[in-house]
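Numbering (the numbering used here), first residue to last: 14 to 444.
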Ligand code: HEC
Ligand code: HEC
Ligand code: HEC
Ligand code: HEC
């Protein structure tokens, strides 16, 4: 039998152990709160929960506000990026043929700083009286106010000309911050819903994850689902282009029929979040913010630079905190990756154009829709992969190996499409 004295000591031991754990947890909690307080300075002049005017927030935080305003600046183009919104259709005229029958063949500009988002969506020739309001979703913090007021479904169902076209505030503090604590926050329904379907609760995200999630609200591939034009991210099967294609196949989705080949096409839109997620930096825990909003010193303060732009304009802060290579070396590494990707991308464009021409020739020679089905399907598969790379804004830097694989498959599918169409030509000619 156990000695009653032993039992007593055991009890005391457990109580002491429990108290120690409790005290430690409390200390950790206090420490974390302190860290958070250091991280996010206090809001002296209270900011409303749905305040869309950055100036009001800026009164509390002049340094962040100053750099935020600089997104208006045009420092000119880099080799493939930068903040000069030149017309891509002039620089790369083959895009007109690749997007034949779709508004992107009429107007397709290089993107620029956040300041311009609201101006550019109103001015693009791709928008007209029939454009759904869904289009404004990633251009203004007024979206967050109206989504709450109108309800998400009604917000998307409305017409752009009736709602979004009247906005005057662009992307602002409200899009990324909680006005009470200044902690990062995501509110856009499409991102929250897409993550939920993947089993991820964004309210439980770590600070590190939030430093990419805030950008993932907008810098992603998406589509308008159903007649209600419900903004949806095609992520249920994963974030790679193959998973996204599998999602669209199951749903039976197309954006348009290609004017020349007749193939049912999908337009990819700036999949930065998806591409980054397959790369070495994401795997190493490096967030969008580490490169695009690096810390800078302002006096004795460490401030997040809110001038979001090409890191090639800021290699010192954006890369050299982690990499001890020289600026020339770092710029050279980016250039090597981008040049290789660009060269391969152009090969994929040529292969797709050959496929388009072969399908057209077969059609002109009398091939039926049924006969052309296989070649068209392959055209679709090739072009959505090429576009996943072309519409992504880093020319492969965010994930070099995955990007080259995607382009390799694009070339393969395009040549298979061309072969299928040419085979048809022979059969049609024999008949
Ligand atoms: C390791 C650093 C790094 C990380 C992490 C990173 N990027 Fe980039 N990003 C770059 C570089 C380098 C470029 C190429 C810039 C150029 O060509 O001028 C770029 C380009 C871009 C561009 C186009 C910029 C322009 O000037 O046209 C966008 C938009 C972008 N990134 C968004 C993101 C988003 C969103 C994430 C996170 C999901 C992210 N990036 C993660 C380094 C990074
Ligand atoms: C596109 C998203 C985005 C927008 C828009 C934005 N911020 Fe931030 N902000 C961030 C990120 C990311 C951090 C870094 C937070 C972290 O690491 O936890 C940050 C940090 C901060 C901090 C904490 C201190 C610091 O400098 O690190 C303050 C204060 C702040 N932002 C103020 C503002 C104000 C004011 C505006 C509007 C004028 C604004 N932010 C707009 C993303 C944004
Ligand atoms: C509310 C939607 C939204 C959010 C959130 C957002 N962006 Fe953007 N971003 C845009 C749009 C739209 C543009 C293009 C604006 C234009 O061309 O008019 C853009 C442009 C950019 C550019 C190009 C800048 C240039 O000078 O060429 C970079 C880089 C970028 N964003 C990075 C980020 C990063 C990093 C984050 C997260 C910290 C982020 N964005 C969050 C919508 C958003
Ligand atoms: C927060 C830290 C951090 C920042 C900021 C950062 N990197 Fe990295 N980078 C890493 C890590 C970690 C790796 C992976 C190294 C490894 O595992 O060997 C890496 C890998 C690389 C590689 C090798 C890629 C490959 O395919 O193996 C290149 C090139 C690179 N970084 C360039 C850059 C450039 C250019 C920038 C600035 C635009 C940058 N990095 C910003 C941490 C960072």
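Here a beta-carbon is modelled for each residue, glycine too, at the ideal position from N, C-alpha and C. Everything numeric in this text was worked out from a predicted model, so none of it was measured.
Just measuring C-alpha positions, the residue of 294, 122 and 389 sitting nearest residue 272 is 389.
Take the alpha-carbon of residue 86 and the one of residue 129: they are about 10 angstroms apart. Where residue 176 is concerned, there is no enclosing beta strand (DSSP E), because DSSP gives it neither an H nor an E.
Those residues that bring their Cβ nearer than 6 angstroms to a heavy atom of ligand 2 are 52, 53, 54, 67, 70, 71, 74, 77, 78, 81, 184, 185, 186, 188, 189, 190, 195, 197, 220, 224, 227, 302, 306, 316, 317 and 319. Counting only runs of 4+ residues, the alpha helix (DSSP H) found wholly inside the region 241 to 266 occupies 254 to 264, in chain order. Burial check for residue 291: the Cβ neighbour count within 10 Å reaches 16 or more, so the residue is buried. In its own chain, leaving out the 5 sequence neighbours on each side, no residue places its CB closer than 7 angstroms to the CB of residue 264. If you keep only unbroken alpha helix (DSSP H) runs of at least 4 residues inside the region 97 to 139, you get 101 to 104, 107 to 111 and 130 to 136.
Contact between residue 431 and residue 371 holds: their C-beta atoms lie close to 4 angstroms from each other, under 8 angstroms. Residue state for residue 56 is assigned as coil, using DSSP reduced to three classes. Contact between the region 355 to 372 and the region 308 to 319 is absent: fewer than 3 CB-CB pairs across the two stretches fall below 8 angstroms. Relative to residue 334, the option among 437, 421 and 308 whose CA is nearest is 308.
For residue 391, the Cβ stays outside the 7 angstroms cut-off from all heavy atoms of ligand 1. With fewer than 16 other Cβ atoms inside 10 Å of its own Cβ, residue 37 counts as exposed. Short note on residue 321: C-beta closer than 7 angstroms to some heavy atom of ligand 3. Here the C-alpha atom of residue 425 lies approximately 8 angstroms from the C-alpha atom of residue 395.
Annotation for residue 349: the continuous alpha helix (DSSP H) segment containing it runs 340 to 377. Every alpha helix (DSSP H) of 4 residues or more that sits fully in the region 141 to 173 is shown, in chain order, as 155 to 163 and 165 to 170.
In this structure, ligand 1 has no non-hydrogen atom nearer than 7 angstroms to the beta-carbon of residue 150.
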